[in-house]
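Below you'll find the structure, written out as C-alpha cells, and then a few comments.
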Amino acid sequence: MLSFMDREIAGMRAILLEASRSIDLYHWKSERMRENGIEEREIKKDETIRKWEKLANLFTPLSKYYITELANKIAYDALQIHGGAGFTYDYDVSRIYRDVRITNIYEGTTQLQVVAAIGGIVSGMSPKGHLRQYFEEEFSKIGGGSTLLNENKDSLEKIVESYSSIENSSLRDEVAFEVVQSAARILIGLLLEKGASKLNGETKKKREILARDYNLESKAILLSNRIIIENRQTQLTFV
45 MLSFMDREIA GMRAILLEAS RSIDLYHWKS ERMRENGIEE REIKKDETIR KWEKLANLFT
105 PLSKYYITEL ANKIAYDALQ IHGGAGFTYD YDVSRIYRDV RITNIYEGTT QLQVVAAIGG
165 IVSGMSPKGH LRQYFEEEFS KIGGGSTLLN ENKDSLEKIV ESYSSIENSS LRDEVAFEVV
225 QSAARILIGL LLEKGASKLN GETKKKREIL ARDYNLESKA ILLSNRIIIE NRQTQLTFV
C-alpha cells in the first residue's frame, strides 16, 4: 500500500510539472513575445507555440483528472494505515480525507476532464498528431525507453484505434474514460523513466524500480481497458 502511494504521488507530481511546463512554453512564451512587440499573427504562426498550445490543452485536463482521482484514492488508503483511529479527529488524515473529496468536483468533475481530453488524445495519436510526435521526441531523450514502457505505448495505440472504430457515439462516450486513463498512464510512465535517467547512484536505482513498478501496473490496466473497448461494439450486437 505504501509503495503504491509512493509511486502514485511521484506520478502525480510528474504530470503536474509537465502540464505546467506546457503552459509555460505556450502561454508565457506568447506573453513575452507580445511584450517584445511581436504582432499577434506572427505569434500564432510560431511552430513551438502551436505545438505546446495543443499539448497544454491536453495535459491540463489530463492532469486534473488524474491528480484529483488519485488524491482521493491515496487519502482513502491512508485511513487504513491509522486503523480505526484514522477516521477520528486525532490525526490530520481525517481532515485530508474530507477535504480531498472536493478536488474532483471543484476542478470540473472527472467526466468533464475526460470530455476535454479525449479529442486531443485521438487526434494527437494520428500519424502526424502532436501527442505522437511528443512521445517520439521524449522517448528518444531516454534512449527509446524501457521494453515495458514501449509495450504499453503499443497498447495505447491499439486502444485508440479500437475506440476510433466504434461508430456509435454513445458507446464511444461509455469507454472514453478508459482511453484517457490509458494515455495518462503512458505519459506518467514516460516521465518517471525520464526523471530516473537524470539521477545517479542509489537514488537512481530506487526511481528506476518505482518507474518499473508503475509501468507494470499500467500494463495490467491497459490490458483491461483494451478488452473493455474492443468488446463494446460486440455488446451492442448482442443487445
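In this text, residue positions in the sequence shown follow this note's numbering: the first is 45, and each later residue adds one.
Note that beta-carbon positions come from the ideal geometry of N, C-alpha and C, so glycine has one too.
Only a predicted model underlies this, so the values are computations on that prediction, with no experimental measurement involved.
query                                                                                                                                                                 : result
State the Cα-Cα distance for the pair P171 and K185, rounded to the nearest angstrom.                                                                                 : 20 Å
Should V283 go down as buried or exposed, given a rule of 16 or more other Cβ atoms within 10 Å for buried?                                                           : Confidence is the limiting factor: at V283 the pLDDT is only 46, short of 50, which leaves the residue's position unreliable, though a coordinate-based value still follows. Flag for V283 reads exposed.
Going by CA-CA distance only, name the one from S268, E252 and D90 that's closest to G239.                                                                            : E252
By a C-beta neighbour count over all protein chains shown, 10 Å radius and 16 as the cutoff for buried, is M169 buried or exposed?                                    : buried
Below 7 Å CB to CB, which residues in the same chain sit around Y70 once its five sequence neighbours on both sides are set aside?                                    : I93, W96, E97 and A100
Can you tell me the Cα-Cα spacing of I272 and I67, whole angstroms?                                                                                                   : 33 Å
Whole angstroms are fine: how far does the CA of A161 sit from the CA of A58?                                                                                         : 18 Å
Could you tell me the boundaries of the alpha helix (DSSP H) in which R145 lies?                                                                                      : Where R145 is concerned, there is no enclosing alpha helix (DSSP H), given that its DSSP letter is neither H nor E.
Less than 6 Å between C-beta atoms, sequence neighbours within five positions excluded: which residues of the same chain meet that for S206?                          : I273 and E274
Taking contact to mean 3 or more Cβ pairs, one atom from each stretch, closer than 8 Å, check whether the segment 132 to 150 and the segment 82 to 91 are in contact. : no
By the DSSP assignment, the alpha helix (DSSP H) with Y109 in it spans what residues?                                                                                 : E91 to I125
Specify, as a first and last residue, the run of the alpha helix (DSSP H) that E252 falls within.                                                                     : G245 to E274
Quick one: measure Cβ to Cβ for R276 and L215, integer angstroms, because I've assumed they're closer than 8 Å.                                                       : 5 Å
Under the three-state reduction of DSSP, which class applies to N194: helix, strand or coil?                                                                          : helix
List the endpoints of the continuous alpha helix (DSSP H) containing D217.                                                                                            : S213 to E218
Near L175, which residues of its chain fall below 6 Å by C-beta distance, leaving aside the five closest residues on each side in sequence?                           : G168 and M169
Just verifying my parser: in three-state terms, what is the DSSP assignment at V158?                                                                                  : helix
Quick check on E182: does DSSP put it in helix, strand or coil?                                                                                                       : helix
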